[in-house]
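Trainee: In this note's numbering, the protein residues as written are 64 to 329.
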Ligand code: BTN
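Written out as structure tokens, the structure is:
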């Protein structure tokens with residue numbers, strides 16, 4: 064992988080890029096979680112881009128041990144096998160990359176003005192429209208493979224949400240004025256964007272991802288509050304560092320970088 068940010072021109076222009084990952088897509092009916100199914104395939108040697116999508120998940124998982132609401136036939140619940148040659152310290156970059164790819168596909172296909180909340184929640188109208196969970200599998204101290212789990216709340220109506228998600232979650236259907244989304248078409252668009260950006264990243268390093276992420280972010284420029292083991296801290300989000308951490312400037316002007324966790328925009 065090229066981490067020196069030197070532009071190389073091995074990729075066709077985005078308009079003429081044809082995705083090969085779409086041919087590695089398996090559509091299944093009901094799974095506990097597509098993450099587990101994709102892991103099984105990765106362990107069995109499945110190539111990069113192998114994707115599992117399920118109509119429903121009975122035990123969908125979110126970040127920080129949360130559940131992910133995945134009702135039947137309403138969303139895009141899918142997991143993709145990635146095999147980057149990447150030092151472990153840089154795996155947060157994959158999370159940002161996936162957020163950029165999904166945000167691009169959603170904006171282009173649906174016109175819904177989604178934005179990215181660090182690290183990779185997609186929001187529309189201030190509510191969550193998509194969540195991303197990248198899980199790494201290690202071997203001999205290095206990254207063996209990663210599974211990028213993407214949950215897009217596509218066609219959920221308000222009554223499809225349980226009480227605990229009211230006011231928190233929204234969908235492309237709701238934000239798009241009631242127009243249902245073609246989930247197969249959006250799945251293909253996401254896989255194409257993801258494969259293209261991933262190849263760009265492998266060739267050129269983090270810079271193209273960082274630039275796109277910063278232009279799609281709803282976090283930058285905002286006052287942020289977050290928890291640390293020492294207590295709650297605040298600062299203004301001013302950018303990303305080179306490994307994908309969020310740079311915050313506190314009242315005294317100090318810049319600190321946070322690499323993981325949950326932030327609140329205040
Ligand atoms: C989050 O925002 O907390 C991340 C949510 C990730 C949900 C997706 S849906 C497909 C894949 N399978 C899972 O069990 N989780 C991810």
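We put the beta carbon where it would ideally sit given N, CA and C, even for glycine.
Please name the residue or residues paired with residue 138 in a DSSP beta bridge.
Mentor: In DSSP, residue 138 forms no bridge with anything.
Trainee: Would you say the beta carbon of residue 332 is closer than 7 Å to some non-hydrogen atom of the ligand BTN?
Mentor: Limits of the chain in this structure are 64 at one end and 329 at the other, which puts residue 332 out of reach.
Trainee: With distances taken Cα to Cα, identify the nearest neighbour of residue 194 among 205, 201, 182 and 200.
Mentor: 182
Trainee: Assuming the contact rule is C-beta atoms closer than 8 Å, residue 77 and residue 112 should be a hit. Round their C-beta distance to whole Å, please.
Mentor: The pair is not a contact, with the Cβ atoms about 17 Å apart (cut-off 8 Å).
Trainee: Among 187, 328, 305 and 327, which one has its Cα closest to the Cα of residue 157?
Mentor: 305
Trainee: Below 8 Å on the Cβ atoms is my guess for residue 142 versus residue 100; work out the distance and round it to an integer in Å.
Mentor: 7 Å
Trainee: Between residue 97 and the ligand BTN, is there a pair consisting of the residue's CB and a ligand heavy atom that are separated by less than 7 Å?
Mentor: yes
Trainee: Is the beta carbon of residue 255 sitting closer than 8 Å to the one on residue 192?
Mentor: no
Trainee: CB of residue 126 to nearest heavy atom of the ligand BTN: below 7 Å?
Mentor: yes
Trainee: Are the CB atoms of residue 276 and residue 214 within a distance shorter than 8 Å?
Mentor: no
Trainee: Which whole runs of the alpha helix (DSSP H) in the segment 103-169 are 4 residues long or more, in chain order?
Mentor: none
Trainee: Can you tell me which of the three DSSP states residue 208 falls into?
Mentor: DSSP places residue 208 in strand when its eight states are reduced to three.
Trainee: What does the alpha-carbon distance come out to for the pair residue 294 and residue 323?
Mentor: Rounded to the nearest angstrom, the gap between the Cα atoms of residue 294 and residue 323 is 15 Å.
Trainee: What are the boundary residues of the alpha helix (DSSP H) that includes residue 231?
Mentor: Segment: none, residue 231 is in no alpha helix (DSSP H) and carries neither H nor E.
Trainee: Decide yes or no for the touch test of the segment 220-239 against the segment 150-165: beta carbon pairs closer than 8 Å, at least 3 of them.
Mentor: Because the criterion of three Cβ pairs below 8 Å is not met, the segment 220-239 and the segment 150-165 do not touch.
Trainee: Where do the N-terminal and C-terminal ends of the alpha helix (DSSP H) with residue 304 fall, by residue?
Mentor: For residue 304, there is no enclosing alpha helix (DSSP H), as DSSP gives it neither H nor E.
Trainee: Where in the segment 253-311 do unbroken runs of the beta strand (DSSP E), each at least 3 residues long, occur, reported from the N-terminal end onward?
Mentor: Annotation: the segment 253-311 contains the following complete segments of the beta strand (DSSP E) (minimum length 3 residues), in chain order: 286-291 and 294-303.
Trainee: Would residue 347 and residue 151 be called neighbours here (beta carbons separated by less than 8 Å)?
Mentor: Outside the shown range of the chain, which is 64 to 329, sits residue 347, and nothing can be said about it.
Trainee: For the candidate residues 329, 315, 298 and 314, whose alpha-carbon lies nearest to that of residue 321?
Mentor: 298
Trainee: On the three-state DSSP scale, how would you describe residue 313?
Mentor: Assignment of residue 313 by DSSP, reduced to helix, strand and coil, places it in the coil class.
Trainee: My output table needs one value for residue 237: the three-state DSSP class, helix, strand or coil.
Mentor: helix
Trainee: I'd like the list of long-range same chain contacts for residue 281, defined as Cβ closer than 8 Å, with 5 residues on each side in sequence excluded.
Mentor: 178, 179, 180, 186 and 328
Trainee: On the premise that residue 311 lies in contact with residue 209, defined as a C-beta separation below 8 Å, what is that separation, rounded to the nearest angstrom?
Mentor: Going by Cβ atoms, the distance from residue 209 to residue 311 rounds to 26 Å, so no, they are not a contact pair.
Trainee: Helix, strand or coil: which one does DSSP assign to residue 247?
Mentor: The three-state reading of DSSP puts residue 247 in helix, counting H, G and I together.
Trainee: Going by beta carbon distance, what residues of the same chain come within less than 6 Å of residue 235, once the five residues before and after it are set aside?
Mentor: 173, 175, 217 and 244
Trainee: Quick one: grab the DSSP three-state call for residue 187.
Mentor: strand
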